[in-house]
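Below is one structure, written out as structure tokens; the observations come after it.
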Amino acid sequence: MESLHPELRSVIAPRLRGKLQQRQKHWMLISDALYRQVLSHTTSQYGALAEACEAQRAPLDAVLRTDMDQIISSKEHVSSKMRGDPQHAFLATHTHSPRCILLYVSRVLGLQHVFG
Numbered sequence: 004m005e006s007l008h009p010e011l012r013s014v015i016a017p018r019l020r021g022k023l024q025q026r027q028k029h030w031m032l033i034s035d036a037l038y039r040q041v042l043s044h045t046t047s048q049y050g051a052l053a054e055a056c057e058a059q060r061a062p063l064d065a066v067l068r069t070d071m072d073q074i075i076s077s078k079e080h081v082s083s084k085m086r087g088d089p090q091h092a093f094l095a096t097h098t099h100s101p102r103c104i105l106l107y108v109s110r111v112l113g114l115q116h117v118f119g
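If you count the sequence shown from 1, you need to add 3 to reach this note's numbering.
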């Protein structure tokens, strides 16, 4: 609206007739009508966009919940492996580099071909 307003004024203002106050009054009426029209149009578009986003929300929430459940179960699996096996206890009691930990976790999850 900020860029449209000066452009319209330059097109419409020269065509307005009458005294200065009358031209200013007509311009204010035109400007107000234009503002209301743009507002109603953008409000309806915003409403449609909000409805479309709300319609997509439930499936995305379901996917996110599924992914989060998988992440949590993988974390629990790795935690149980670390607690249950003496070899895994070594990792819990010693500090290793992030790469070493990543390789260890990939082996526990059976992903040797990915990180090894």
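For each residue, glycine too, the CB sits at the ideal point set by N, CA and C.
Reduced DSSP secondary structure (H/G/I, E/B, other) of residue i
i	result
Arg39	helix
Arg20	coil
Leu52	helix
Glu2	Residue coverage of the chain in this structure runs from 4 to 119, which leaves residue 2 outside it and unanswerable.
Leu67	helix
Leu112	coil
Gly119	Bear in mind that a pLDDT of 44 at Gly119, under 50, signals an unreliable position, so the model cannot answer this.
Cβ distance (whole Å) where residue i is taken to contact residue j below 8 Å
i	j	result
Leu112	Ser77	7 Å
Leu11	Leu52	In fact, because the Cβ distance is near 26 Å, the residues do not count as touching under 8 Å.
Leu19	His29	5 Å
Exposed unless 16 or more other CB atoms sit within 10 angstroms - verdict on residue i
i	result
Glu79	exposed
Tyr107	buried
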